[in-house]
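A short write-up of the structure that comes next.
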Amino acid sequence: MPSMTLLTQALISGLLAGGLYGLMGMGLSLSWGLLRLVNLSHFALAVLGAYITYQLGADFNLAPGISLVFIAPSFFLFGVGLHWVFKKFKVNEFGSLLVTFGVAVLLETLIQWFWTADFRRFESPWGTVSYQVGPIYIPLLETLACLTAMVLSGLTWLWLNQTYIGKALRASAQDPEIAAAFGVNHARQSYVLSGICSAYAGVAGVFIALITTLSPSQIWSWLGVIFAVVIIGRLGNPLGALIAGVAIGACEGLAMAVFNPAWAPMVSFSLLIIVLIWQPKWL
Amino acid sequence: MSQKLISSNRRVVMNTIAGGLLISTGMGSLHAAPSGKPIRIGGTLSLTGPLAQTALLHKIAGETFVDILNSGPGLLGRPVEWVLLDDQSKPEVTRSLYEKLITVDKVDLIVGPYATNSILAAMGVAQRYGKVIIQSSMGIPKLATYDMQFPASPFGPNPGVDYPGVILDCVASLPQPPKSMAVVTSKFPSAQFIAEGMREVGKQRGLSVPLYLEYEFGTRDFASIAARIKDANVDFLWVGALGLEGNQLLEALKKLNYSPKIHYYLYPAPGPLLASPEAKNALAQTFFEDHPPFSTRIGVEKLSPMYRARAVKAGVPYTNLDSQAAGTYNVFYLLTKAVEATKSLDDKVLAAWLKKNTVETLMGPISFNGPFNHGPARMLVKQVQNGKWVVVWPKDVAGGAILTQ
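Protein chains in written order, with our numbering: chain A, 1 to 283; chain B, 1001 to 1405.
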């Protein structure tokens, strides 16, 4: 039987890893839930953001926080551009899956061409810093990622529920025609949301660069677990994505502590199947 | 008549002087420079992807071998060209590229890629076309059932049992031998295979093994694995790590403020692990390191400085000739030995010669007369010591004593 210290440490590690899941899943959840676009290129964008963070750090000694000042607006514009393509060619929900898969493959090839398939590591003095609380160690960077996810998901939830644009976006997602009858200009607002989703991928990318070792194929390694996060957390719900991410992360951490680490990938899918069979009201 | 004789004698003297000058300046080698159509040797390496850090060492060693060969008499008097392609560390890409090398590029001979999965992929293609394939890093000999594959590194036919014995002998020789062991391994086949052997042989020798963990090759998050290692707090941590996995695990352990007492990494990228402050006194697998008695072996004197110069130029973190580099050097060495001995490029003729002969190499004598074309095993243990890898076990080839924390 694992000790309490081990279980607590694994739980903390899992919760913090889940914060990054939530951060990754937020943009995809909003895009899928409110724009009805399943954006697979979100993963590629996040990894591209990580590589740019790495490159700016390696070449110009730029701190990740400053890199984010460049990455977030650029990715916002990319998101707006991508949405223009969707609008122009009237891409529907299923079509978006195929188109964005193509964009993801394109971005992966671009990353591989520029940075090669080698592992890259953003070396930072904070990489191995952690804080001790009793017998438990709390890693700094994972904590920052989790806190960022909490702040962003909270702000996004407020934006969607307390502002006109947010309410209009939610109304359009529920019934575009009725929303339009009430004067909601869904087209203009959807550009803003698409840009925000892509910018969130950039934010996640900065933390991916700080926490993990980079390789282009990493794009696909996030796919399964983030899809589970998005579906369990309910489409279009930023708080749900965070809660689901943290829950899955915690379960993975505990599974790795109690069973074998190789079983961890099964956790997210098992939870997803359970939730889909259960079909709770919030889903 | 006498005029003719004088003239002829003068010519002999002049030729002798000219010849002597050429020899003294090193230009008049006894061998003629290679000429004619190059002999093309095809192969792939993981020049990109997760195995690239290690495969780069193989590339440098192979290029150095070809340079040495072409600066001498070449092969059968002809220059040698190495047609090297990037398999991206992916077996499916490896398979396609070997198909291309044989059918499109029409290379004369092939050499194996790096790492078990890619070698198995290439071996299937070699078998289909009846090509000899010599490789240096096939960690699971029993899977190499193709009759014309030859291992250039002395893994022996059963490293899953033999090598754990060597490692455990090594740590048992310490003043305070370990009583407990954790085995943590990548699911990469050649690592997992030895890990299972470590667990079994360890138990047979009376070690308690409270922790045996497997993780997926390419795992992102080592935090929970590190937590379990810390919790187990064993005397000896054995990690079936490839490439940078050892560094990643050590970083995760550092975040938990934990340092293993005695620690071992199976196939690490030698430079990055050596550079990690957390890897102090880490042990790892080897067949060759650039110190006596290995550095006195055949060909090392010439190879070692040339390899180092290239490695420095390529920005390799650890520039000494090491086991990985020696492996690919051996691949080319064995292949060209067979070609020179048989004066043939026919794969069947080369295979027949290799099976009958023992070749003295920088890893010691290599023969192919055992199961899966393996000769006796000679897997060694090396250790990080003062910024260098040093063989510490077995004692008869050790370059230093084992250090402990």
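C-beta atoms are modelled at their ideal positions from N, C-alpha and C, and glycine is treated no differently.
Rounded straight-line distance, which links the Cα of residue j to that of residue i
{"i": "L155 of chain A", "j": "L23 of chain A", "result": "13 Å"}
{"i": "A173 of chain A", "j": "F1193 of chain B", "result": "53 Å"}
{"i": "A1314 of chain B", "j": "A1252 of chain B", "result": "29 Å"}
{"i": "G1072 of chain B", "j": "T1116 of chain B", "result": "33 Å"}
{"i": "S1029 of chain B", "j": "F1065 of chain B", "result": "In this prediction, S1029 of chain B has a pLDDT of 44, which is less than 50 and means its spatial position is unreliable; what the coordinates show is noted afterwards. One C-alpha to the other measures close to 18 Å."}
{"i": "S1323 of chain B", "j": "F1287 of chain B", "result": "5 Å"}
{"i": "Q1405 of chain B", "j": "G27 of chain A", "result": "48 Å"}
{"i": "G1218 of chain B", "j": "A180 of chain A", "result": "48 Å"}
{"i": "V1093 of chain B", "j": "L1085 of chain B", "result": "10 Å"}
{"i": "L306 of chain A", "j": "G19 of chain A", "result": "With chain A running from 1 to 283 in the structure shown, residue 306 of chain A is simply not present."}
{"i": "Y51 of chain A", "j": "I165 of chain A", "result": "33 Å"}
{"i": "I273 of chain A", "j": "V267 of chain A", "result": "10 Å"}
{"i": "S1367 of chain B", "j": "K1355 of chain B", "result": "7 Å"}
{"i": "L1380 of chain B", "j": "P1394 of chain B", "result": "7 Å"}
{"i": "S1173 of chain B", "j": "S1180 of chain B", "result": "15 Å"}
{"i": "I1023 of chain B", "j": "M1306 of chain B", "result": "Unreliable placement is indicated for I1023 of chain B, whose pLDDT of 42 sits below 50; the coordinate value is still reported in the next sentence. Looking at the two C-alpha atoms, the distance is approximately 22 Å."}
{"i": "S1208 of chain B", "j": "F60 of chain A", "result": "50 Å"}
{"i": "Y1258 of chain B", "j": "N1330 of chain B", "result": "39 Å"}
{"i": "K1348 of chain B", "j": "D1105 of chain B", "result": "20 Å"}
{"i": "D1169 of chain B", "j": "A1279 of chain B", "result": "21 Å"}
{"i": "L97 of chain A", "j": "N39 of chain A", "result": "6 Å"}
{"i": "N1357 of chain B", "j": "L141 of chain A", "result": "58 Å"}
{"i": "M1027 of chain B", "j": "P1038 of chain B", "result": "In this predicted model, M1027 of chain B has a pLDDT of only 42, less than 50, meaning its place in the structure is not dependable; the value taken from the coordinates is given anyway. Taking the straight line from one Cα to the other gives about 22 Å."}
{"i": "L1047 of chain B", "j": "Q218 of chain A", "result": "18 Å"}
Identified DSSP bridge partners for residue i
{"i": "K1382 of chain B", "result": "B:A1284, B:V1391"}
{"i": "R1310 of chain B", "result": "According to DSSP, which records beta bridges pairwise, R1310 of chain B is partnered with nothing at all."}
{"i": "Q1149 of chain B", "result": "B:I1133"}
{"i": "Q132 of chain A", "result": "A:Y137"}
{"i": "E1092 of chain B", "result": "Paired residue(s): none; E1092 of chain B is not in a bridge."}
{"i": "S1046 of chain B", "result": "None, per the DSSP bridge assignment."}
{"i": "P1365 of chain B", "result": "B:E1360"}
{"i": "M1180 of chain B", "result": "One point to set straight first is that residue 1180 of chain B is Ser, not Met, in the sequence displayed. Partner(s): B:S1208."}
{"i": "T1185 of chain B", "result": "B:E1214, B:G1240"}
{"i": "R234 of chain A", "result": "DSSP, once it has assigned bridges, lists no residue as partnering R234 of chain A."}
{"i": "L1109 of chain B", "result": "B:I1041"}
{"i": "E1289 of chain B", "result": "B:D1322"}
{"i": "V1083 of chain B", "result": "B:G1042"}
{"i": "L1075 of chain B", "result": "B:R1078"}
CB of residue i within 8 Å of CB of residue j, strictly
{"i": "V1184 of chain B", "j": "P1177 of chain B", "result": "no"}
{"i": "L1242 of chain B", "j": "F1188 of chain B", "result": "yes"}
{"i": "L30 of chain A", "j": "L193 of chain A", "result": "yes"}
{"i": "A228 of chain A", "j": "F269 of chain A", "result": "yes"}
{"i": "L1109 of chain B", "j": "L1345 of chain B", "result": "yes"}
{"i": "G1043 of chain B", "j": "P1113 of chain B", "result": "yes"}
{"i": "T1054 of chain B", "j": "A1269 of chain B", "result": "yes"}
{"i": "I138 of chain A", "j": "I12 of chain A", "result": "yes"}
{"i": "P238 of chain A", "j": "S153 of chain A", "result": "yes"}
{"i": "G1139 of chain B", "j": "P1159 of chain B", "result": "yes"}
{"i": "A1338 of chain B", "j": "W1353 of chain B", "result": "yes"}
{"i": "F78 of chain A", "j": "S198 of chain A", "result": "yes"}
{"i": "A10 of chain A", "j": "S1224 of chain B", "result": "yes"}
{"i": "T1336 of chain B", "j": "L1045 of chain B", "result": "no"}
{"i": "A1227 of chain B", "j": "L6 of chain A", "result": "yes"}
{"i": "V1312 of chain B", "j": "L1056 of chain B", "result": "no"}
Any non-hydrogen atom of the ligand SAH within 7 Å of residue i CB
{"i": "I1110 of chain B", "result": "By its list of ligands, the structure shown contains no ligand whatsoever, and the ligand SAH lies outside what it can speak to."}
Mind listing which residues of the region 1248-1260 of chain B have their C-beta closer than 7 Å to chain A's C-betas, in chain order? Along the region 1248-1260 of chain B, the positions whose C-beta sits under 7 Å from a C-beta of chain A are Q1248, E1251, K1254, K1255, L1256, N1257, read in chain order.
So if I threshold CB-CB distances at 9 Å, which residues from the region 1163-1185 of chain B count as touching chain A? Going along the region 1163-1185 of chain B in chain order, one finds V1184 with a Cβ nearer than 9 Å to chain A.
Residues of the region 1083-1116 of chain B whose Cβ lies closer than 9 Å to any Cβ of chain A, in chain order: Interface annotation for the region 1083-1116 of chain B against chain A: D1086, Q1088, S1089, K1090, criterion Cβ-Cβ distance under 9 Å.
Quick one: which residues of the region 24-52 of chain A get their C-beta closer than 9 Å to a C-beta of chain B? List them in chain order. From the region 24-52 of chain A, no residue has a Cβ closer than 9 Å to chain B.
Selection of the region 143-176 of chain A by Cβ proximity to chain B, strictly under 7 Å: Against chain B - using a Cβ distance shorter than 7 Å - the region 143-176 of chain A contributes no residues.
Any residues in the region 112-123 of chain A with a beta carbon nearer than 8 Å to a beta carbon of chain B? Which ones, in chain order? Those would be Q112, T116, A117, D118, F119, R121, in chain order.
Residues in the region 1217-1231 of chain B having any Cβ partner in chain A nearer than 9 Å: So the close ones are G1218, T1219, R1220, D1221, F1222, A1223, S1224, I1225, A1226, A1227, R1228, K1230, D1231.
Any C-beta of chain A within less than 9 Å: which residues of the region 1032-1051 of chain B qualify? Going along the region 1032-1051 of chain B in chain order, one finds S1046, L1047, T1048, G1049, P1050 with a Cβ nearer than 9 Å to chain A.
At 3 residues or longer, what runs of the beta strand (DSSP E) sit wholly inside the region 1188-1270 of chain B? DSSP runs (the beta strand (DSSP E)) wholly in the region 1188-1270 of chain B: 1208-1215, 1236-1243, 1262-1268.
Can you list the alpha helix (DSSP H) stretches of 4 or more residues lying completely in the region 69-128 of chain A, in chain order? The qualifying runs are 93-115.
I'd like the ranges of any alpha helix (DSSP H) spanning at least 4 consecutive residues and lying wholly in the region 1294-1339 of chain B. For the region 1294-1339 of chain B, whole alpha helix (DSSP H) runs of length 4 or above, ordered along the chain, are 1300-1313.
Just list the beta strand (DSSP E) runs in the region 133-179 of chain A, keeping only unbroken ones of 3 residues or longer that don't cross its boundaries, in chain order. Counting only unbroken stretches of 3 or more residues, the beta strand (DSSP E) elements lying wholly within the region 133-179 of chain A are 136-139, in sequence order.
The region 1193-1206 of chain B: which residues have C-beta closer than 7 Å to a C-beta of chain A, in chain order? Under the 7 Å Cβ criterion, the region 1193-1206 of chain B contributes no residue.
Return the residues of the region 245-256 of chain A that lie within a Cβ-Cβ distance of less than 8 Å from chain B, sorted by chain order. Residues of the region 245-256 of chain A whose Cβ lies closer than 8 Å to any Cβ of chain B, in chain order: E252, G253, M256.
What are the residues in the region 1283-1295 of chain B lying within 9 Å of chain A by C-beta distance? Identification of residues in the region 1283-1295 of chain B having a C-beta nearer than 9 Å to some C-beta of chain A yields an empty set.
For the region 204-248 of chain A, which segments carrying the alpha helix (DSSP H) assignment without a break, of at least 4 residues, lie completely within its bounds, in sequence order? Inside the region 204-248 of chain A, DSSP marks whole alpha helix (DSSP H) runs of 4 or more residues at positions 218-221, 223-232, from first to last along the chain.
Of the residues that make up the region 1232-1245 of chain B, which ones have a beta carbon closer than 8 Å to any beta carbon in chain A? Of all residues in the region 1232-1245 of chain B, those with a C-beta nearer than 8 Å to a C-beta of chain A are G1243, L1244, reading in chain order.
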